[in-house]
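Heads up: the structure comes next, in structure tokens.
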Amino acid sequence: MKRFKSLMIGALTAVLAVTAVGCSSSSEQEQQVLNIYSWADNFDQDVIKDFEQKFNVKVNYDVYGSNEEMLAKVQAGASGYDLIQPSDYMVGTMIQLGLLEELNKANIPNMGNIVSTFKTPPYDKENKYSLVYTWGITGIAYNKKYVKETPTSWNDLWNEAYKGRVIMLNDPREVMGMALIKNGFSNSTTNTKELEKSFADLKKVVPNVVAFDTDNIKQKMIAEEAWIGTVWSGDAAFIHAQNPDVEYVIPKEGATIWADTLAIPKGAKNKEMAEKFINYLMDPEVSVKNYESIGYSNPNEKAYPLHSEEYRSNKMVFLDTADIARAEWLVDVGETLQQYDRYWTEMKSGR
Amino acid sequence: MLNKKPVKLLALPALLWMGALFVLPMLMIAVLSFLKRGTYGQVVYEFTLNNYIRIFDPLYGQIFWDTLVVAVLTTVFSILCGYPLAYYISRLEKSTQQIWLLLVMIPFWINFLVRSYAWVIILRSQGVINTFLQSLGIISEPLPLLYNSGSVLLGMVYTLMPFMVLPIYVSLEQMDRRKLEAAYDLGATPWKAFWHVTLPMTKTGVVTGSILVFVSSIGMFVVPDVMGGAKSALIGNVIQNQFLSARDWPFGSALSIVLMLLSMLLILLYFRATKASETKEGSA
Chain A
1 MKRFKSLMIG
11 ALTAVLAVTA
21 VGCSSSSEQE
31 QQVLNIYSWA
41 DNFDQDVIKD
51 FEQKFNVKVN
61 YDVYGSNEEM
71 LAKVQAGASG
81 YDLIQPSDYM
91 VGTMIQLGLL
101 EELNKANIPN
111 MGNIVSTFKT
121 PPYDKENKYS
131 LVYTWGITGI
141 AYNKKYVKET
151 PTSWNDLWNE
161 AYKGRVIMLN
171 DPREVMGMAL
181 IKNGFSNSTT
191 NTKELEKSFA
201 DLKKVVPNVV
211 AFDTDNIKQK
221 MIAEEAWIGT
231 VWSGDAAFIH
241 AQNPDVEYVI
251 PKEGATIWAD
261 TLAIPKGAKN
271 KEMAEKFINY
281 LMDPEVSVKN
291 YESIGYSNPN
301 EKAYPLHSEE
311 YRSNKMVFLD
321 TADIARAEWL
331 VDVGETLQQY
341 DRYWTEMKSG
351 R
Chain B
1 MLNKKPVKLL
11 ALPALLWMGA
21 LFVLPMLMIA
31 VLSFLKRGTY
41 GQVVYEFTLN
51 NYIRIFDPLY
61 GQIFWDTLVV
71 AVLTTVFSIL
81 CGYPLAYYIS
91 RLEKSTQQIW
101 LLLVMIPFWI
111 NFLVRSYAWV
121 IILRSQGVIN
131 TFLQSLGIIS
141 EPLPLLYNSG
151 SVLLGMVYTL
161 MPFMVLPIYV
171 SLEQMDRRKL
181 EAAYDLGATP
191 WKAFWHVTLP
201 MTKTGVVTGS
211 ILVFVSSIGM
221 FVVPDVMGGA
231 KSALIGNVIQ
241 NQFLSARDWP
251 FGSALSIVLM
261 LLSMLLILLY
271 FRATKASETK
281 EGSA
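As given, the protein sequences belong to chains A and B, one line each in that order. UniProt numbering puts the first sequence at residues 1 to 351. UniProt numbering puts the second sequence at residues 1 to 284.
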């Protein structure tokens, strides 16, 4: 989901290499190791340090740039990781492929703290294998300077006044999902008729599109190359901080919700420590520190009253529970993915 | 005879390298292209021709065609811009030549993505060109310089032109200048001398450069994404999507194999064509 983060890999690994060298000499007595494989910048550095001290454990942190990259590595076996962060749909895929360990809930009492809708996501209905960590909703970000009327519907992207100024995520499932929701269908439909109708509709918006972009969508909104578009809530918060003219709404038809989760790959060596880490992250006070630092939405309902006024008043980070309930998850569509991909290719080819 | 064996041994590391990093992955791709995609995107080890049958969908034919058009245009523009540059450099003093050649090569030291984004900063609506023109009052609205097929072509030619300039420069350097003097002595105009002497004698450079540029542009997917706003579907983008979003490795492999065969065929035809014109000239 967050491929833009891969740009940070280089810098981060360099920093980690230096800190790893610095730490190794400190305490030699039976120190345990927790190997994390995740997106770049996904944790507050102090939160990890506190955890290391409290549990006398050494945390190693490797990063990936896409779910597919992570899947390939875990699938190849013997990855040596104890904790991974697959996105929602990837959790579903990995469960089907038998690549995830069941979580031992006895070790994660804080699991109960999360928002109730996150306790029953369709890709892992009972949180047997995964727990939502960072999440957001794909809504409409728009620049007040050019978009005078507050958008209320996905249909506003089709408005001819925004010709050449609409931006969309460069992601077939996200964009097709948006068109499906606009037409009143599920964003993960496998019904050919529904796909066909939504695609015909989607084709009409293409002349309005300035670019499809996931990695640099924020820059394009900040620099006002795009006036309106499909943007993740977390990115919208980042854009708004740089360009206060940009606002964010969740359209009335509903929207797609996504999450990067905490999960344990099959054959993890230190499963118990991974569970302790998950539990630690879900501690209300720790989570407040962690999420205010990384700037993502906290799924921890127990922590809500503890957050700063600034965090709570930011509508792009502190989303309404009603909006969460209204949003829909993307789930694996199996064979139908071929049709999604073909439609996507057809749309791009301009025919 | 005696020293043949050590020479063979010296080539061994390179051969192993090629075998491990080129031939093996190539074989894997070839095998993958005949396998099935499982429901969850995994590779299922069952033989099928379906991936190749899917390519006959006119949509993919169209995309192959579009890709070829872009690659040919990139090659032609690279020759048109690259040949005069190489010619100019080859006529300079030796020491100045080295500076120019360095200038041609320096961009290679900078990451390709960074260079593409530099173009974005120059061309975008709040970019260098538009802000400059607006401040002079020449335009009132920013010009749409970016995210269209023109900017894609610009990006491709910019990125690949050194591959054209360097081989042409080398062949210009190796050219026997006395033949040019002879042409002048026999009364040829500069244009005639260029057309009948210089150009034929530097054809190897043009051919080498063209193949390098053509092959590189046919698989290009970063430039259309960054400078074209990911709005076009070239075959490189479609293949990338099979591996990343559609999780259909077998189909992506089949597309790669077809792309490879197609470029090999085109290069072969190109060689034939240039060879044919060579013999024609020789007999004339």
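All residues carry an ideal CB built from backbone N, CA and C; glycine is no exception.
Residue interval of the beta strand (DSSP E) (run including I228(A)): 228-232 is the span of the beta strand (DSSP E), which, as asked, contains I228(A).
Under three-state DSSP, which class holds L330(A)? DSSP places L330(A) in coil when its eight states are reduced to three.
Could you name the residues of the segment 171-199 of chain A whose beta carbon sits closer than 9 Å to any beta carbon of chain B, in the order they occur along the chain? If the cut-off is 9 Å between Cβ atoms, the segment 171-199 of chain A has D171, P172, R173 near chain B.
Would you identify the three-state DSSP class for L186(B), choosing helix, strand or coil? Looking at L186(B) - three-state DSSP - the assignment turns out to be coil, as it is neither helix nor strand.
Do you know whose CA, among N107(A), Q338(A), A211(A), lies nearest Y147(B)'s CA? Nearest C-alpha to Y147(B): A211(A).
May I have the straight-line CA-CA distance separating D248(B) from V31(B), to the nearest angstrom? Those two C-alpha atoms are separated by around 14 Å.
One or two residues paired with N300(A) in a DSSP bridge: N300(A) is bridged by DSSP to I114(A).
Taking its Cβ as the centre, do 16 or more other Cβ atoms sit within 10 Å of K275(B), making it buried, or is it exposed? With fewer than 16 Cβ atoms within 10 Å of its Cβ, K275(B) is classed as exposed.
Identify each residue in the segment 108-128 of chain B for which the Cβ-Cβ distance to at least one residue of chain A is less than 7 Å, and report them in chain order. From the segment 108-128 of chain B, only R124, S125, Q126 have a Cβ closer than 7 Å to chain A.
Can you list, in chain order, the residues of its chain whose CB lies under 6 Å from that of G236(B), leaving out five sequence neighbours each side? Same-chain partners within the cutoff: G219, M220, F221.
Taking only beta carbons into account, state which residues of the segment 84-97 of chain A come closer than 7 Å to chain B, listed in chain order. T93, Q96, L97: these are the residues of the segment 84-97 of chain A whose beta carbon lies less than 7 Å from some beta carbon of chain B, given in chain order.
So for R312(A), helix, strand or coil by DSSP? Looking at R312(A) - three-state DSSP - the assignment turns out to be helix.
Spatial distance of L9(B) from L27(B) (CA atoms): Approximately 25 Å, taken between the alpha carbons.
Quick check on the DSSP output: what are the complete alpha helix (DSSP H) runs of length 4 or more inside the segment 21-79 of chain A, in order along the chain? Taking 4 residues as the shortest admissible run, the segment 21-79 of chain A contains the following complete alpha helix (DSSP H) segments, listed from N- to C-terminal end: 45-54, 67-75.
Minimum Cβ-Cβ distance from P190(B) to chain A less than 8 Å: So, not an interface residue.
For A263(A), write down the residues that DSSP places opposite it in a beta bridge. A263(A) pairs with I84(A), S130(A).
So, are the CB atoms of T256(A) and V115(A) less than 8 Å apart? Result no, Cβ atoms of T256(A) and V115(A) do not sit closer than 8 Å.
Does the Cβ-Cβ distance between L73(B) and L153(B) come in under 8 Å? Cβ atoms of L73(B) and L153(B): closer than 8 Å.
Can you say whether R124(B) is buried or exposed, counting buried as having 16 or more other CB atoms within 10 angstroms of its CB? Flag for R124(B) reads buried.
Would I239(B) and S216(B) qualify as a contact pair, given that the criterion is a beta-carbon distance under 8 Å? No, these two residues do not count as a Cβ contact at 8 Å.
Report the residue ranges of all alpha helix (DSSP H) runs contained in full by the segment 232-256 of chain A; include only those spanning at least 4 residues, in chain order. Scanning the segment 232-256 of chain A from its first residue to its last, the whole alpha helix (DSSP H) runs of 4-plus residues come out as 233-242.
Taking the alpha-carbon of A237(A) as reference, which of S153(A), F185(A), W135(A), T336(A) has the nearest alpha-carbon? The shortest Cα separation from A237(A) among S153(A), F185(A), W135(A), T336(A) belongs to W135(A).
In three-state terms, what does DSSP make of A233(B)? Coil at A233(B), not helix or strand.
Considering only the alpha carbon of each residue, which of A241(A), G164(A), K266(A), Y280(A) lies closest to G228(B)? With distances taken between Cα atoms, G228(B) lies closest to G164(A).
Is it the case that the segment 160-174 of chain B contacts the segment 93-111 of chain B, given that we only count it when at least three CB pairs across the two stretches are under 8 Å? Touching, per the Cβ criterion.
Report yes if the C-beta distance between F318(A) and S297(A) is below 8 Å; otherwise report no. Result yes, Cβ atoms of F318(A) and S297(A) sit closer than 8 Å.
Where do the N-terminal and C-terminal ends of the alpha helix (DSSP H) with F77(B) fall, by residue? F77(B) -> alpha helix (DSSP H) spans 58-90.
From L234(B) to S116(B), what distance separates their C-alpha atoms? Each residue's alpha carbon lies about 18 Å from the other.
Span separating the alpha-carbon of Q45(A) from that of S186(A): Approximately 39 Å between the Cα atoms of the pair.
I140(A) - DSSP class collapsed to helix/strand/coil: The three-state reading of DSSP puts I140(A) in strand, counting E and B together.
V206(A) versus V223(B): straight-line alpha-carbon distance, rounded: Computed Cα separation, rounded: 20 Å.
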